[in-house]
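Going down the list, the protein sequences come from chains A and B. Residues 743 to 1337 in my numbering are what the first sequence spells out, letter by letter. Residues 743 to 1337 in my numbering are what the second sequence spells out, letter by letter. All residues carry an ideal CB built from backbone N, CA and C; glycine is no exception. What follows is a set of notes on a single structure, which appears directly below.
Protein chains: 2
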Amino acid sequence: MAIYQAPTEDIKFILHDVLRIHEQSSIEGYSDLTDDMTGAIFEEAGKIATEVLLPINEVGDKQGCVLENGVVRTPDGFKEAYAAQCEGGWPGIDCNPEYGGQGMPYIVHAVTGEISSSAAMAFSMYSGLTHGAIKAIEGFGSEEQKNTYLPKMISGSWTGTMNLTEPHCGTDLGLLRSKAEPNGDGSYKVSGQKIFISSGEHDMSENIVHLVLAKIPGGPEGVKGISLFVVPKFLPKEDGSLGERNTLSCGKIEEKMGIHGNSTCVMNYDEATGWLIGDEHKGLRAMFLMMNEARLLVGMQGLSQASIAYQNAAAYAKDRLQGRALDGDKFPDQKADPLLVHPDVRRMLMDAKGFVEGGRAFYYWASTLIDEELHHEDEKKRDQAGLLIALLTPVVKGFLTDKGFDTAVQMQQIFGGHGYTEDWSQSQFVRDARIAMIYEGANGVQALDLIGRKLPQKGGAGMQTFFGIVKDFSKENSSDEMAEFIEPVKNASKELQEAVMWFMQHGMKDPNQAAAGSTDFMHLFGHVAIGFMWAKMAKTAQEALAAGSDNPAFYEAKIVTARYYMQRVMPATTAHLARIKSGADTVMALDAEAF
Amino acid sequence: MAIYQAPTEDIKFILHDVLRIHEQSSIEGYSDLTDDMTGAIFEEAGKIATEVLLPINEVGDKQGCVLENGVVRTPDGFKEAYAAQCEGGWPGIDCNPEYGGQGMPYIVHAVTGEISSSAAMAFSMYSGLTHGAIKAIEGFGSEEQKNTYLPKMISGSWTGTMNLTEPHCGTDLGLLRSKAEPNGDGSYKVSGQKIFISSGEHDMSENIVHLVLAKIPGGPEGVKGISLFVVPKFLPKEDGSLGERNTLSCGKIEEKMGIHGNSTCVMNYDEATGWLIGDEHKGLRAMFLMMNEARLLVGMQGLSQASIAYQNAAAYAKDRLQGRALDGDKFPDQKADPLLVHPDVRRMLMDAKGFVEGGRAFYYWASTLIDEELHHEDEKKRDQAGLLIALLTPVVKGFLTDKGFDTAVQMQQIFGGHGYTEDWSQSQFVRDARIAMIYEGANGVQALDLIGRKLPQKGGAGMQTFFGIVKDFSKENSSDEMAEFIEPVKNASKELQEAVMWFMQHGMKDPNQAAAGSTDFMHLFGHVAIGFMWAKMAKTAQEALAAGSDNPAFYEAKIVTARYYMQRVMPATTAHLARIKSGADTVMALDAEAF
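As structure tokens, then:
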């Protein structure tokens, strides 16, 4: 069976040594996040992950979810694991205490989310989607709606879903056909078919709260006529208990490449009773509140599968004896040396280590920006953080899922033929990771959002903030011993600036010129961001060693991995810039018939 | 259901316009390969692929193979499809006419192999492995063995397998434990367990001819004590008819990520009767004859899955309406434009087109070198071709399978959420393509074979030949209109030379320095090779247009795609060189505990 240990030492290093969250007293709640406090939380989350979640991950993959007579049965052990999670108060860890949440900062949720998702991604999606639905109701629902739904959802006894996609439209929501007709009593009759609804129907919670996008007849055409509705599986009575079954049902569970433990449903709404969330025709605003958080979490999913795949591949490479070291037998008393002696196996592990640890730092940093946006005492800081996280969100989503998948594939490679069988879990990690590149806006859509919407926002203020942060750090660390880390980041950051300039010069006249480089821009940005994280981590590690740390091996490994990232990963940026600057001409030249 | 059309126009272009095979009269059989002749063969192969093979591909994935009471049942339709293939004489198309083959050049087999594998990869492996076994018996078997086995295998009524891997060893064959004890009558008792045996047991042929690596007791330790045996499922009687059942059996069919239609077996040999092929303890020589051919075919498998995935994604991108072109509605009378209007969708399709068509040219060129090695009238030319194809084989295998898989993943991306379901075939193409990076020597082993064995062979003669071919072509095409294609290839070729020099300077002292860059070298080489193919294709297309071709759109598309490859793919080489030149220090620095 697969192994998994929450990377608590690495979490501590990033949160407390590098980001120093406990010292950021101007962000509400952060001064409580002492090393001891977060240590205890993440140790416990790690224990649950290893003991409760990891064992059901493979079961979930093999059994999948089954639909029989309208009822969806989740795999063995899912119900019990979910009950244990709710028991521990994990679903509401960062939620509003007014409704029963624990009121901790978002970063705590971000880290526990990574731990759960690493151990059991498909399972963790049930509470992950609920979390997004909570935020949408809290942000846009009426007082009555908040009182009805939030306590149940925060305790986990009710779960939530997002219903956007229809058979003929996903990205292009303007085309959607589901409709909602007013009943005259404030409620609506919601009708239509939604597909790809994660956690759409299951047997783990008392009720399922569907958030559904639909059009109210007579409203504007396209995306401006979309409204958001809450459509519960069971209609809540006034006292909060469960009433009548709503006229909605799961029509089918999709057969998919992975995340078999999550029930991906076709949902049919047949004049189901629903209530408007927020204003008429303004449904996308609320949905995007959910989506933005969901995108960070999906980026994390990519990271999480890379992380567990790496842990298992590293263990296998130390254990499996095959061949001999090129520079002489390392274990002459054994019939062969472990795989780890082979440079090409190490190359794959180092690529993975550089991505997982650097990507984790990037994801945690981005998550602290959510707290800063919402809870910094200084409004200017809040605005600045808001613009920066808006800019970084598509990079977190797109880059961490693209690279997370690639990493899972490389880790599978270390197992040779065994990795291709379903006896080991490497195939599952690859198959599960694959979806993260697609849902919550396919990565191409993230790239377009990045260059088309986020980059120009407020005259490019978010991008300027990012460049400023990198520049300041570079200036402050112009010492000789930091040069090997600062120079590559500075150069790559310049390339990123050059790409921005190129888009400004060419994209205004012809938007295709910019769009043709959008994915390369997202990747270039991702490398700069993670390279910057590695420079910061190297700096912190140098300081810890200079101060005489009692754990020098940990910090020395950080410096080596930072160096590896600079020498072996950062050179990719130049190719991305070249692709961007080649523009759209060859991309757009061919007629449809030529494909 | 998935679509597939054999790319007959592209095949014709590469074989006849670019490689001009019909003019190479100094290679035996090539002057018979007229345009009309190959056109008829490949049209027919394409028809079978579309009508017979494609329909069973998805069935194979969904049903898989089933083992019951020692008997393996292949998926519905496999038996009939295999019978139709044999009926048409396809398995023996390039085999020796003395034993019933059609005696055509290897290139014909290479192309028909691509067509079959594109339509149904898992199915095509049954005859693919037989082909390798035929070559091993023909190369190393006794006259009696050839007469007994070859006619049956060439007609397809018996199939073949390769048995190398054991539970504790794959790459490191020196560790193998299967043994063969002489019976005193020229036969041996073969005992041991083999795993991952493709086509190991099934119901499509009368007999299965297993080629098994085992050790004769008393022989040398390690790889020098390995012998090759033919161990048939049924012992042939003197008259060629089937005799007694041999004591070998399929213990299990592996559960795998893909290629479910192929029975990947655990094979147990329990004092099974076998006969030595070739000399005692020289089994690896014969096995490598099989392996080298198999490696080209596996490279082709990567290409084949990219090819069918591309065809389906292109069709989907033209059909699926979603969103609007950035530079104004293309189909204002429809509710949305097709996906193809979006630059980022086109980017993925152009990357795929550049790889598939360029990779195809590279694979065909490499296949003609096999014919040149075996059948050129000039011995020096034969030797030169032999060294060159030995060098290119790991590049074909490693690069085409790495990029073939990446391409299949990108094509799946174009389908969005639909690509992740098993309703479309994109998931299957990805899952099937994945194995090609692993078997017949994992790609890391290919990279090591390339730099450690093939590159230094005969003082680097193969590499010099390659550089010479590229240089000559560059010199001959120094015209202004070819500059945009020649310059990038020249530069990348220089980088490849620089990498070779770097290995010579650093790898002699410390082999890890070279091995740490082996995979990057293989990729750098792959880009140069395919870039060179694109330069050749651009040249041919320019000539065709200048001569007033009646199909200008075809040639213009070639020029655009060549340009795309130069501008958008070739820049990757610089990053590979930087990685190579960063050496092994950061790769090897960490202790095992740090992973």
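| Check | Outcome |
| --- | --- |
| Would a check of beta-carbon distances place K921(B) closer than 7 Å to chain A? | no |
| Could you tell me the distance, in whole angstroms, from the CA atom of L705(B) to the CA atom of I876(B)? | One cannot answer for residue 705(B) here, as it falls past the ends of chain B, which runs 743 to 1337. |
| Are the C-beta of F1104(B) and some C-beta of chain A separated by less than 7 Å? | no |
| Rounded C-beta distance between N1054(A) and S1167(A)? I'm assuming under 8 Å. | 7 Å |
| Thinking I968(A) and L915(A) are a contact (beta carbons under 8 Å), I'd like their distance in whole angstroms, please. | 6 Å |
| What's the call for T903(A), buried or exposed, on a 16-neighbour Cβ count within 10 Å? | buried |
| Where does Q935(B) sit, in a helix, a strand or coil, going by DSSP? | strand |
| Under 7 Å, Cβ to Cβ, is there at least one residue of chain A near N1004(B)? | no |
| S1221(B) by DSSP, collapsed to three states: which one? | coil |
| Assuming W900(B) and V951(B) are in contact, meaning their beta carbons sit under 8 Å apart, how far apart are those beta carbons, in whole angstroms? | 6 Å |
| Are any of the Cβ atoms in chain B nearer than 7 Å to that of N1293(A)? | no |
| Helix, strand or coil, according to DSSP, for K975(B) in the structure here? | coil |
| Measuring CA to CA, which of I769(A), R1124(A), A862(A) and M1275(A) is closest to A1048(A)? | A862(A) |
| Could you give the distance in angstroms between the alpha-carbon of H1023(A) and the alpha-carbon of S1109(A)? | 30 Å |
| Considering only the beta carbon of each residue, do S859(B) and M999(A) sit closer than 7 Å? | no |
| For P1253(B), which residues in the same chain have their Cβ closer than 7 Å to its Cβ, ignoring the five residues on either side in sequence? | none |
| If you follow the beta strand (DSSP E) that C1007(B) is in, where does it begin and where does it stop? | T1006 to I1019 |
| Which partner residues does R987(B) have in the DSSP bridge list? | F976(B) |
| Contact criterion: CB-CB distance below 7 Å. Does F1263(A) meet it with respect to chain B? | no |
| Sorted by chain position, which residues of the same chain lie with C-beta nearer than 8 Å to L1130(B)'s C-beta, five sequence neighbours on each side aside? | L1111, G1204, T1207 and F1208 |
| Given this structure, state the Cα-to-Cα distance separating Y1106(B) from I756(B), to the nearest angstrom. | 8 Å |
| When Cβ atoms are compared, which residues of the stretch 1170-1187 of chain B fall closer than 8 Å to chain A? | V1172, R1173, R1176, I1177, M1179, I1180, Y1181, A1184, N1185 and G1186 |
| Please report the straight-line C-alpha distance between G1020(B) and L970(B), rounded to a whole angstrom. | 7 Å |
| To which residues of the same chain is A1326(B) closer than 6 Å at the C-beta, ignoring the five residues directly before and after it? | N1254, Q1255 and A1258 |
| Does the CB of G845(A) have a neighbour CB from chain B at under 7 Å? | no |
| In the DSSP assignment, what are the bridge partners of S929(A)? | W1017(A) |
| When DSSP labels each residue in this structure, what does W1107(B) get in the three-state scheme? | helix |
| If you drop the 5 nearest sequence neighbours on each side, which residues of the same chain put their C-beta closer than 6 Å to that of N1010(B)? | Q935, S991 and G993 |
| For S1046(A) and I857(A), what's the separation of their Cα atoms in angstroms? | 7 Å |
| Report yes or no: do the stretch 1126-1143 of chain B and the stretch 1185-1198 of chain B share at least 3 C-beta pairs separated by less than 8 Å? | yes |
| By Cβ distance, which residues of its chain are closer than 6 Å to A1286(A), with the 5 residues on each side in sequence left out? | Y1297 |
| Can you tell which of T776(B), P1294(B), Y848(B) and G898(B) has the C-alpha that lies nearest to the C-alpha of Y824(B)? | G898(B) |
| Taking DSSP as the reference, what is the three-state secondary structure of K1072(B)? | coil |
| So is A1103(A) buried or exposed if we call it buried at 16+ other beta carbons inside 10 Å? | buried |
| Determine whether the Cβ of L1082(A) lies closer than 7 Å to any Cβ atom of chain B. | yes |
| Just reading off the alpha helix (DSSP H) that V1172(A) is part of, what are its end residues? | Q1168 to A1178 |
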